[in-house]
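Student: Here it is, the structure in full.
Residue numbers (my numbering), protein chains in the order written: chain A, 95 to 442; chain B, 95 to 442.
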């Protein structure tokens, strides 16, 4: 089980060491989960829990930072006073991300909403930072580091691990891939692959619970995809599928997750007492925008996923266009001339 | 020019006579515009202006009614406490359009936003109704009716009208079709045919002016499409293109127009002084939703238009999917099994 050593060593890097640490903790926890039958449960289970605690504690700060960037960028885009529909002349369009110039009470609301989100998310980020520092200084962390340090030589294997690596690892990896395939197949992919289905925005004025129920299966697939990817990284486990496609799918589900979390943060900000109506209005626009990014990510994922799974494609021939590869990645570079030149283009 | 008589007679119908009257006024004005070189300008120009006045005066009331229906329906959809992502079981999903049950301050905002819009649009509608009644009782209307009544026998034709109907009418109709083709070709169709391009929502927190600038070319194409259709209705003028496709395109541009106007109405409502933040938030979500409907209509139109114009398709091969017909009309009926059963599906 040399892979564990390799992974744990990666945790001792420098510079962006907390990112590396978090990533490898997540990776180790994932690998321990997939290959659980090979190790003694009484040993693996607590270790996995500790690794999960570490990665989630360290992950919170960068999450808040990303979320704030994302929302401020969206607000800039939503209030950009550009005329991007007019084919750009020789002088080019207006600078992308230019702040709104004037624009009355509603434009003022955008600026105030940005300030409110900045306050709230910066506070959350600072708290997460303190919590991460505290965690790294704790005896709990040192105990975990000790446990990881001896991983390479001292893994208590179960009886099931007695056998050639291929024969032992492959079925478990295949199980992880199958769990992913099943969960992704249960997603409403056919509906999501219809553009502008307005599904994700549906209950955005309803209860939080409704949205959470709607998003949960997608988040679940995101986690299973990650587990499947980690499982395949173990030497001898066999491939999980076409790596580029898996990476694309992971990126889209990550975007889905970030957009959903951002929308929740906006809704939470809108519940702040005594905000001005213009601020609340801007937050409402922003919320719907993020929910549409959720929908866009689902759309792209559905097209990508359906384009590569023949079983799905057979039952949904009409949702399988020749352009699915293009539709799945509507990045500006893939767009024809005029679209590529338009400012403020975003990558869904 | 017997067609004018036919059109004017249709104006004397009953029951929904004001709808008929408005439609035929618009139609006559359109035909007079396209075939202007065949009539004396000093006679046609004032008549056209009066027909335009009548159709716009009569059109306002139904517009407000449609807009209110559209917005209330969207609010219901946005606050629906459904769980439509879960594949519907034997009991089916929750009833479509069910009102939000509970849901905290933000759900309350949706109800208040609905009440606000209802108040404002009903007031506007009542005023438009009075204005229409006043117009129909005015001497201005009677003068117009007199002018229309003698149209059949007494059209002052210009010298250009001396010739066989086909030779005279066809070039002018072709001109109308060409104006439409040019204007539609100048639209950013390639960009709009990328799903989730986030173009229409871009400046929704900016100035009204920016949005208007962005929408104007699309509204212009909508009017030119109508003119082209009316021109082709004249016997001897030749066809404008495949009728079903033209009708679909017109419907999509009409949806585009309605969504854009509805979004403006929402933004106007959000400027009402002293509304609660929750109300403003709901209006913001609704505004962004309507702007996304604008984008969805552009998307569908672009796919439809590009699928039928070879010149366009050659320059934008990548935006020409095999499924464009399906993509252009993602109505629930066209969607595969699970999607069709989901409640709250909307026709973009």
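Glycine is no exception: its CB is placed at the ideal position from the N, C-alpha and C atoms.
In whole angstroms, what is the alpha-carbon distance linking residue 167 of chain A and residue 212 of chain A?
Tutor: Cα to Cα, residue 167 of chain A sits roughly 12 Å from residue 212 of chain A.
Student: Do residue 377 of chain B and residue 254 of chain B have their beta-carbon atoms positioned less than 8 Å apart in this structure?
Tutor: Not a contact, by the Cβ cut-off of 8 Å.
Student: Rounded to the nearest angstrom, what separates residue 353 of chain A and residue 113 of chain B at their Cα positions?
Tutor: When rounded, the distance between both Cα atoms is 45 Å.
Student: Can you confirm whether residue 247 of chain A, when its beta carbon is compared against all beta carbons of chain B, has any partner nearer than 8 Å?
Tutor: Judged by the 8 Å Cβ criterion, residue 247 of chain A is not in contact with chain B.
Student: Give the C-beta separation of residue 346 of chain A and residue 398 of chain A to the nearest angstrom, bearing in mind that I take them to be a contact with Cβ-Cβ under 8 Å.
Tutor: With 8 Å as the limit, residue 346 of chain A and residue 398 of chain A qualify as a contact, their Cβ atoms being about 7 Å apart.
Student: If the criterion is Cβ atoms closer than 8 Å, does the pair residue 207 of chain A and residue 321 of chain A meet it?
Tutor: Their beta carbons are not under 8 Å apart, which means residue 207 of chain A does not touch residue 321 of chain A by this criterion.
Student: Determine, for residue 383 of chain B, whether the minimum Cβ-Cβ distance to residues of chain A falls below 8 Å.
Tutor: True, the Cβ-Cβ gap to chain A drops below 8 Å.
Student: So which residues of chain A does residue 92 of chain B contact, with C-beta pairs closer than 9 Å?
Tutor: Any answer about residue 92 of chain B is impossible in this case: the structure gives chain B only from 95 up to 442.
Student: Can you give the Cα-Cα distance for residue 116 of chain A and residue 375 of chain A, rounded to whole angstroms?
Tutor: Roughly 37 Å between the two C-alpha positions.
Student: Can you tell me whether residue 260 of chain A is buried or exposed? The criterion is at least 16 other CB atoms within 10 Å of its CB, across all chains shown.
Tutor: Per the 10 Å Cβ criterion, exposed.
Student: Determine, using beta carbons only, whether residue 369 of chain A comes closer than 8 Å to chain B.
Tutor: Taking Cβ atoms only, chain B reaches closer than 8 Å to residue 369 of chain A, which makes this a yes.
Student: Let me check understanding here. Comparing Cα to Cα, which of B:142, B:257, B:148 and B:202 lies closest to residue 369 of chain B?
Tutor: When each option's Cα is compared against that of residue 369 of chain B, the closest is B:202.
Student: How is the alpha helix (DSSP H) around residue 169 of chain B delimited, first residue to last?
Tutor: Taken as a continuous stretch (DSSP letters only), the alpha helix (DSSP H) holding residue 169 of chain B covers 135–172.
Student: Tell me where the alpha helix (DSSP H) around residue 342 of chain A begins and ends.
Tutor: Unbroken alpha helix (DSSP H) run through residue 342 of chain A: 337–364.
Student: Name the residue from A:385, A:367, A:241 and A:363 whose alpha carbon lies nearest to the alpha carbon of residue 295 of chain B.
Tutor: The option with the nearest alpha carbon to residue 295 of chain B is A:385.
Student: Expressed to the nearest angstrom, what Euclidean distance is found between the alpha-carbon atoms of residue 387 of chain B and residue 350 of chain B?
Tutor: So the alpha carbons of these two residues sit roughly 7 Å apart.
Student: Mind checking which residues open and close the alpha helix (DSSP H) that includes residue 311 of chain A?
Tutor: Counting along the chain, the alpha helix (DSSP H) containing residue 311 of chain A begins and ends at 302–327.
Student: Kindly indicate if chain A contains any beta-carbon less than 8 Å away from that of residue 353 of chain B.
Tutor: Not one chain A Cβ lies under 8 Å of residue 353 of chain B.
Student: Between which two residues does the alpha helix (DSSP H) holding residue 279 of chain A run?
Tutor: Run containing residue 279 of chain A: 259–279, per the alpha helix (DSSP H) assignment.
Student: Sorted by chain position, which residues of the same chain lie with C-beta nearer than 7 Å to residue 233 of chain A's C-beta, five sequence neighbours on each side aside?
Tutor: Result list for residue 233 of chain A: empty, nothing under 7 Å.
Student: Report all residues from its chain with a CB closer than 6 Å to the CB of residue 143 of chain B; omit the five preceding and five following residues, and keep chain order.
Tutor: Counting only Cβ-Cβ distances below 6 Å, and skipping sequence neighbours, we find nothing.
Student: Cutting at 6 Å between CB atoms, please list the residues of its own chain near residue 150 of chain B, excluding the five before and the five after it.
Tutor: For residue 150 of chain B, where only same-chain residues beyond five positions count, there are no Cβ hits under 6 Å.
Student: Spell out a yes or no on whether the segment 355–368 of chain A and the segment 325–342 of chain A are touching, meaning 3 or more CB-CB pairs, one atom from each, closer than 8 Å.
Tutor: They do not touch, by the three-pair rule.
Student: Grab me the residues of residue 250 of chain B's own chain with a C-beta within less than 7 Å of its C-beta, minus the 5 sequence neighbours each way, in chain order.
Tutor: Same-chain partners within the cutoff: 133, 134 and 137.
Student: Specify the secondary structure class of residue 299 of chain B as computed by DSSP and reduced to three states.
Tutor: Three-state DSSP puts residue 299 of chain B in coil, outside helix and strand.
Student: To which residues does DSSP link residue 251 of chain B through a beta bridge?
Tutor: DSSP, once it has assigned bridges, lists B:133 as partnering residue 251 of chain B.
Student: Name the chain B residues that come within less than 8 Å of residue 171 of chain A, Cβ to Cβ?
Tutor: Near residue 171 of chain A (Cβ distances below 8 Å), the residues of chain B are 292 and 296.
Student: Can you pull the chain A neighbours of residue 114 of chain B, defined as C-beta to C-beta under 7 Å?
Tutor: Correct list: empty, because the minimum Cβ distance to chain A is about 34 Å.
Student: If we count Cβ pairs, one from each stretch, closer than 8 Å, do we get three or more for the segment 302–313 of chain A versus the segment 158–166 of chain A?
Tutor: No, the segment 302–313 of chain A is not in contact with the segment 158–166 of chain A.
Student: Here's a check: name, in chain order, each residue in its chain whose Cβ is nearer than 6 Å to the Cβ of residue 146 of chain A, leaving out the five neighbours to either side.
Tutor: Around residue 146 of chain A: 123.
Student: Indicate the three-state DSSP secondary structure (helix, strand or coil) for residue 243 of chain B in the structure shown.
Tutor: Looking at residue 243 of chain B - three-state DSSP - the assignment turns out to be helix.
Student: Do you know how far the Cα of residue 359 of chain B is from the Cα of residue 172 of chain B?
Tutor: When rounded, the distance between both Cα atoms is 17 Å.
Student: Tell me whether residue 290 of chain A sits in a helix, a strand or coil according to DSSP, three-state version.
Tutor: Residue state, collapsed to three classes: coil.
Student: Could you check the C-alpha separation between residue 241 of chain B and residue 130 of chain B for me, to the nearest Å?
Tutor: Spanning the two alpha carbons is a distance of roughly 17 Å.
Student: Determine, using beta carbons only, whether residue 111 of chain A comes closer than 8 Å to chain B.
Tutor: No, because no Cβ of chain B sits closer than 8 Å to the Cβ of residue 111 of chain A.
Student: Would residue 293 of chain B and residue 355 of chain B qualify as a contact pair, given that the criterion is a beta-carbon distance under 8 Å?
Tutor: No, they are not a contact pair.
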